[in-house]
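Chains as they are written, first to last, in numbering that gives the first Met the number 0: chain P, 0 to 270; chain H, 0 to 90. Idealized CB from N, CA, C, for every residue including glycine. What you are looking at is a predicted structure, and each value in this text was computed from that prediction instead of being measured.
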Amino acid sequence: MAKVLCVTSGKGGVGKTTTTAALGAALAQAGEKVCVVDFDVGLRNLDLIMGAERRVVYDLINVTNGDAKLPQALIRDKRLENLSLLPASQTRDKDALTDEGVERVMGELREKFDWIVCDSPAGIERGAQLAMRHADVAVVVTNPEVSSVRDSDRIIGLLDSKTVRAERGDEIEKHLILSRFDPARADRGDMLKVDDVLEILSIPLLAIIPESLEVLRASNVGCPVTLNNPLCAPSRAYIDAVRRLKGETVPMAIPTDRKSLINKLFTRRAA
Amino acid sequence: MSVLTFLKPRGSGSVARERLQLILAHERAETGRPDLVITLREEILAVIAKHVEVERDKVQITLERGEGVSTLGVDIEFPVSALPAKKRARA
């Protein structure tokens, strides 16, 4: 049975697109047939993070409006043959998405893929609600910072009321990814602790993604971080997240990139 | 790292936690999502209001979730004048 996973957060800039690309690629690396879908109409970026920006011909709006067929709009990843991208439109706005069109496209995607990973736009309005509407699983991306946690709380409320599953009275599976986590700051007590965020939002933890240069490097070259450097700390966290999504029990850890003692002393002092 | 860091009782992270707990409890109540702390606060207030007059913002309710046991902290501040005359005379 295909699963629709929505990556959402409320707040912008917390790492939704990075997470969509990383989870999508890691699922494909684990042998699943995956499509990542960009719902951020007008501000598409998933194509850029996936390195497919020059291959976009048709987009989600063209397909929902019936101007193009789904296979015409799907972009097959050049590195992983079982990974595809359905890009968003850059010229239209979110009102161009119709409820019926999205429902039909999600149905077609469910027939073709094992996992459909939807990248939600920021905010709590129509675009974000359409991205989560057909989800079976939601991944809420949160930074350990007050405004991000507050916005995530609003999004969790919407997941429990505005999704098809919620309206049917079914439970929607919700997971938390705590991203841009800085263990040094947490040690000093200047950051919300993992337990604090979990207690406040009360949804289960899927992964802790450490703040890392590798995420920036991967976006610079247009490659999901899990493909660009599978051994770096954020990639290991995303790969563990995918194993958990697939039902495995994996002990939770905050992966770190090994540093020499001198290097460690330096970064601690500088931070 | 300065000596002051050691003297400071806690980092800013715990302030963030308390502010968030408070604001989210209110926002959840506004958006119609039941929140345990808010429900407890309202009901405790109602019970107290039957006997003494208290200001709403003088009632602090905190919930600390621990591994095995959770603790509910209720901190109510009221002026002596708010106590009924009979009790004051006895005291």
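Practice problem: Indicate the three-state DSSP secondary structure (helix, strand or coil) for residue 142(P) in the structure shown. | Solution: Working through the first sequence from its first residue, we reach residue 142(P) at position 143. Residue 142(P) falls in the coil class under three-state DSSP.
Self-check item: Under 9 Å (Cβ pairs) to chain P, residues found in the region 7-32 of chain H
Solution: 7, 9, 10, 11, 12, 13, 15, 16, 18, 19, 20, 22, 23, 26, 27, 30, 31, 32
Self-check item: Amino acids of chain A, ordered along the chain, whose beta-carbon sits closer than 8 Å to that of residue 152(P)
Solution: Checking the listed chains, one finds no chain A in this structure; the protein chains it contains are P and H.
Exercise. Spatial neighbours of residue 90(H) within its chain, please: CB distance less than 6 Å, with the 5 preceding and 5 following residues excluded, ordered by chain position.
Key: Walking along the second sequence from the start, residue 90(H) turns up at place 91. For residue 90(H), the predicted structure reports a pLDDT of 48, less than 50, and the residue's modelled location is therefore unreliable. A value from the coordinates is still provided. Contacts found: none.
Practice problem: Starting from residue 189(P), find everything on chain H with Cβ-Cβ shorter than 7 Å and list it in chain order. | Solution: Walking along the first sequence from the start, residue 189(P) turns up at place 190. Chain H residues near residue 189(P): 10, 11, 12.
Quiz item: So what's residue 59(H) in DSSP terms, helix, strand or just coil?
Solution: Indexing the second sequence from 1 puts residue 59(H) at position 60. Correct three-state label for residue 59(H): strand.
Exercise. Would you tell me roughly how many angstroms separate the C-alpha atoms of residue 179(P) and residue 15(P), rounded to the nearest one?
Key: Walking along the first sequence from the start, residue 179(P) turns up at place 180. Walking along the first sequence from the start, residue 15(P) turns up at place 16. Looking at the two C-alpha atoms, the distance is approximately 11 Å.
Exercise. Could you check what DSSP says for residue 32(P) in three-state terms: helix, strand or coil?
Key: On the first sequence, residue 32(P) is found 33 positions in, with the first residue counted as 1. Residue state, collapsed to three classes: coil.
Practice problem: Would you mind stating whether residue 84(P) and residue 76(P) have Cβ atoms separated by less than 9 Å? | Solution: Counting from one through the first sequence, the residue named residue 84(P) turns up at place 85. Counting from one through the first sequence, the residue named residue 76(P) turns up at place 77. Yes, the pair counts as a contact, with Cβ atoms nearer than the cut-off.
Self-check item: Same chain only: Cβ atoms within 7 Å of residue 185(P), ignoring 5 sequence neighbours per side
Solution: Start at 1 with the first residue of the first sequence, and residue 185(P) comes out as number 186. Only 192 meet the Cβ criterion.
Practice problem: Find out if the Cβ-Cβ distance for the pair residue 212(P), residue 113(P) is shorter than 9 Å. | Solution: As a working note, residue 212(P) is residue 213 in the first sequence. As a working note, residue 113(P) is residue 114 in the first sequence. Not a contact, by the Cβ cut-off of 9 Å.
Practice problem: Indicate the three-state DSSP secondary structure (helix, strand or coil) for residue 68(H) in the structure shown. | Solution: Taking the second sequence and counting its residues from 1, one reaches residue 68(H) at position 69. DSSP places residue 68(H) in coil when its eight states are reduced to three.
Self-check item: Straight-line gap, residue 62(H) to residue 37(H) (C-alpha atoms, nearest Å)
Solution: By one-based count along the second sequence, residue 62(H) stands at place 63. By one-based count along the second sequence, residue 37(H) stands at place 38. Their Cα atoms are separated by approximately 11 Å.
Quiz item: Per DSSP, what kind of secondary structure is residue 177(P) in: helix, strand or coil?
Solution: As a working note, residue 177(P) is residue 178 in the first sequence. Strand at residue 177(P).
Practice problem: Please classify residue 270(P): does DSSP put it in a helix, a strand, or coil? | Solution: As a working note, residue 270(P) is residue 271 in the first sequence. With a pLDDT of 42 at residue 270(P), under the threshold of 50, the predicted position of this residue should be treated as unreliable, though the coordinate-derived value follows. Of the three classes helix, strand and coil, the one that applies to residue 270(P) here is coil, per DSSP.
Quiz item: Nearest-angstrom Cα distance between residue 166(P) and residue 51(P)?
Solution: Residue mapping note: residue 166(P) aligns to position 167 of the first sequence, counting from 1. Residue mapping note: residue 51(P) aligns to position 52 of the first sequence, counting from 1. Taking the straight line joining both Cα atoms gives about 36 Å.
Self-check item: Per-residue burial, residue 219(P) [other beta carbons within 10 Å of its own, 16 or more giving buried]
Solution: Residue mapping note: residue 219(P) aligns to position 220 of the first sequence, counting from 1. Classification for residue 219(P): exposed.
Self-check item: Endpoints, the alpha helix (DSSP H) within which residue 51(H) is located
Solution: Here the question's residue 51(H) lines up with position 52 in the second sequence. Unbroken run through residue 51(H): none, as it is neither H nor E.
Quiz item: Do you know how far the Cα of residue 32(P) is from the Cα of residue 160(P)?
Solution: Numbered from its first residue, the first sequence carries residue 160(P) at position 161. Numbered from its first residue, the first sequence carries residue 32(P) at position 33. Taking the straight line from one Cα to the other gives about 29 Å.
Quiz item: Bridge partners of residue 172(P), per DSSP?
Solution: The residue given as residue 172(P) occupies position 173 in the first sequence. Partner(s): 136(P).
Quiz prompt | Assigned secondary structure, residue 194(P) (DSSP; H/G/I helix, E/B strand, else coil) | solution = As a working mapping, residue 194(P) is identified with position 195 in the first sequence. Here residue 194(P) sits in helix by DSSP.
Practice problem: Could you check what DSSP says for residue 2(P) in three-state terms: helix, strand or coil? | Solution: The residue given as residue 2(P) occupies position 3 in the first sequence. Of the three classes helix, strand and coil, the one that applies to residue 2(P) here is strand, per DSSP.
Quiz item: Apart from the five residues on each side of it in sequence, which residues of its chain come closer than 8 Å, Cβ to Cβ, to residue 182(P)?
Solution: Stepping through the first sequence from its first residue, residue 182(P) is reached at position 183. Excluding residues within five positions, the ones whose Cβ falls inside 8 Å are 209, 253, 255.
Quiz item: Excluding five sequence neighbours on each side, which residues of the same chain lie with their C-beta closer than 6 Å to the C-beta of residue 67(P)?
Solution: Residue mapping note: residue 67(P) aligns to position 68 of the first sequence, counting from 1. So the qualifying residues of the chain are 57, 61.
Practice problem: Could you check how far apart the C-beta atoms of residue 202(P) and residue 139(P) are, in whole angstroms? I think they sit under 8 Å. | Solution: Here residue 202(P) refers to the residue found at position 203 of the first sequence. Here residue 139(P) refers to the residue found at position 140 of the first sequence. That pair is a contact at about 7 Å.
Quiz item: Opposite residue 74(H) in the DSSP bridges: which residues?
Solution: Translated into the one-based positions of the second sequence, residue 74(H) becomes position 75. Per DSSP, 59(H).
Exercise. Could you confirm whether any beta carbon from chain H is found closer than 9 Å to the beta carbon of residue 269(P)?
Key: As a working mapping, residue 269(P) is identified with position 270 in the first sequence. In this prediction, residue 269(P) has a pLDDT of 47, which is less than 50 and means its spatial position is unreliable; what the coordinates show is noted afterwards. So no, residue 269(P) is outside the interface.
Exercise. Put residue 272(P) into one of helix, strand or coil per three-state DSSP.
Key: Because chain P here runs from 0 to 270, residue 272(P) falls outside it and cannot be looked at.
Quiz prompt | Integer Cβ distance of residue 4(P) from residue 136(P), believed to fall under 8 Å | solution = Numbered from its first residue, the first sequence carries residue 4(P) at position 5. Numbered from its first residue, the first sequence carries residue 136(P) at position 137. The pair is a contact, with the Cβ atoms about 4 Å apart (cut-off 8 Å).
Self-check item: Supposed contact pair residue 175(P) and residue 157(P) - C-beta distance, whole angstroms, cut 8 Å
Solution: As a working note, residue 157(P) is residue 158 in the first sequence. As a working note, residue 175(P) is residue 176 in the first sequence. Residue 157(P) to residue 175(P), Cβ: 15 Å. No contact.
Quiz item: Does residue 90(H) come within less than 9 Å of chain P when only Cβ atoms are used?
Solution: By one-based count along the second sequence, residue 90(H) stands at place 91. Summary for residue 90(H): the model assigns pLDDT 48, below 50, so the residue's position carries little reliability; its value from the coordinates is reported in the next sentence. No, its Cβ sits nowhere closer than 9 Å to a Cβ of chain P.
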